[in-house]
Structure formats: C-alpha cells, structure tokens
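Read in UniProt numbering, the sequence shown has 56 at position 56, and its numbers run on one by one without any break. Note sheet for the following structure.
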Amino acid sequence: MTDEYSPRKRRRRRIDGDTCHCCTKQVPFCWTCTCGFAICPDCFTENKWGMSNGPTWICPDCERVHLME
C-alpha cells in the first residue's frame, strides 16, 4: 500500500459531557437535537408534559420530532 491512503478517523465520545440548555449544568448525558438543542434528563422530566407523548419528543427550538432511543 502507498502512503496516500490514511486510516479512517474515528469519532470519539466527549468525556466532559453536554451542557443542558435549560439549567446550564454540565451533565454526562443530554437528549440532543440536530439543531443543537440539548436537555438533561432532570429538566426533561420537569418539562415532559409539553415536549413528549411517550415514545417521541419534540424539540422546542426547531419543532423536529425525535424517537426516544
């Protein structure tokens, strides 16, 4: 093989976690949208009545529907 082919770069998980847009805390996990909105599980349970119907949740910024996987 020649040197012109480089190995594939792999995505690495962020060690520091995410920042919740509601409480602005640094948490290890957030539900995130492709628009960049992120919400921690604690804030999500507080606002679940307006964002979710169970298996899906709606981003309050861009109104995209996401499955809870």
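Cβ atoms here follow ideal geometry from the backbone N, Cα and C, with glycine treated the same way.
Thr19 - DSSP class collapsed to helix/strand/coil: For the purposes of this step, residue 19 is taken as the residue at position 19 of the sequence shown. In the three-state scheme derived from DSSP, where H, G and I count as helix and E and B as strand, Thr19 is classed as strand.
Residue ranges of each beta strand (DSSP E) within the stretch 14-69, 3 or longer: Within the stretch 14-69, the runs of beta strand (DSSP E) that reach at least 3 residues and sit entirely inside it are, in chain order, 56-58, 65-67.
Proximity to Ser52 [Cα-Cα], best of Gln26, Val65, His21: Translated into the one-based positions of the sequence shown, residue 52 becomes position 52. Selected option, being the one with the closest Cα: Val65.
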